[in-house]
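Under this note's numbering, the first residue of the sequence shown carries the number 344, and numbering increases by one thereafter.
Ideal Cβ placement from N, Cα and C applies to all residues, glycine included.
For clarity, every value in this text was computed on a predicted model and none was experimentally measured.
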Amino acid sequence: MSGTFPTQLSRQTTRESAHIPWDRRLGLPRDALFGYALLLPGLALIVILVGYPFGNSIWMSFHRKLIGVPDAPFVGLQNYVDLFTDVDYWIAVRNVMTYTVVSVAFKLVLGLSVAVILNEYVPFRGFVRSFVLLPWAMPTLVTVLTWRWMYNDLFGVFNYVLLQLDLINAPKAWLGTRA
Numbered sequence: 344m345s346g347t348f349p350t351q352l353s354r355q356t357t358r359e360s361a362h363i364p365w366d367r368r369l370g371l372p373r374d375a376l377f378g379y380a381l382l383l384p385g386l387a388l389i390v391i392l393v394g395y396p397f398g399n400s401i402w403m404s405f406h407r408k409l410i411g412v413p414d415a416p417f418v419g420l421q422n423y424v425d426l427f428t429d430v431d432y433w434i435a436v437r438n439v440m441t442y443t444v445v446s447v448a449f450k451l452v453l454g455l456s457v458a459v460i461l462n463e464y465v466p467f468r469g470f471v472r473s474f475v476l477l478p479w480a481m482p483t484l485v486t487v488l489t490w491r492w493m494y495n496d497l498f499g500v501f502n503y504v505l506l507q508l509d510l511i512n513a514p515k516a517w518l519g520t521r522a
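This is how it looks when you write it as structure tokens:
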């Protein structure tokens, strides 16, 4: 009797399948798997920073949690019943909805009006366009100036704190040195 025994054939098949790269077994290109691997730390951070507080707030909504009291007895849906039967809650919901609708409508009408006016020819159109963009650019400018002030070598906050803690002997020119 010539040929191979079934056990030899199954061993050979097992050995061949063991040599298939893991990325081809998943059916994804190698660069796609690399991209997913690069996403994992960010996704883990999002789960930790968003998922844990979200889950904790859901847990607290089913317990009577008081500040300074270590134990929180389970109350089930009673917190939700109390919330939806509270008159002040519905007044707050109405106020928030009114404020949202009015402010969005006002901003939409005002923004579209300014856009239509600035699209037409008006004297000093470039100046007016710059003036309209000023609120958009101001937060960045304020941030830059704040950091520059904090790193200032004569009266900056960092030098003051480090001098008070005796970590440095003289003010350091943080933005004036290379290393």
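Please check if any C-beta of chain B sits within less than 9 Å of the C-beta of Tyr423.
The structure shown contains no chain B, having only a single protein chain.
Less than 9 Å separating the beta-carbons of Ser400 and Asn422?
Sequence index remark: in the sequence shown, residue 400 carries index 57 (1-based). Sequence index remark: in the sequence shown, residue 422 carries index 79 (1-based). No, they are not a contact pair.
Buried or exposed: where does Asn502 fall if 16 or more other Cβ atoms within 10 Å of its Cβ makes it buried?
Start at 1 with the first residue of the sequence shown, and residue 502 comes out as number 159. By the neighbour-count rule (16 or more Cβ atoms within 10 Å), Asn502 is buried.
So the alpha helix (DSSP H) Phe501 belongs to, where does it begin and stop?
Here the question's residue 501 lines up with position 158 in the sequence shown. Val500 to Gln507 is the extent of the alpha helix (DSSP H) around Phe501.
Could you pull the start and end residues of the alpha helix (DSSP H) that Phe417 belongs to?
Taking the sequence shown and counting its residues from 1, the one referred to as residue 417 is at position 74. No alpha helix (DSSP H) contains Phe417, which DSSP labels as neither H nor E.
First and last residue of the alpha helix (DSSP H) that includes Asp431?
Taking the first residue of the sequence shown as position 1, residue 431 is located at position 88. First-last of the alpha helix (DSSP H) with Asp431: Val430 to Asn462.
Tell me which same chain residues have a C-beta within less than 7 Å of the C-beta of Pro478, skipping the five on either side of it?
Residue 478 sits at position 135 when you count from the first residue of the sequence shown. So no residue of the chain qualifies.
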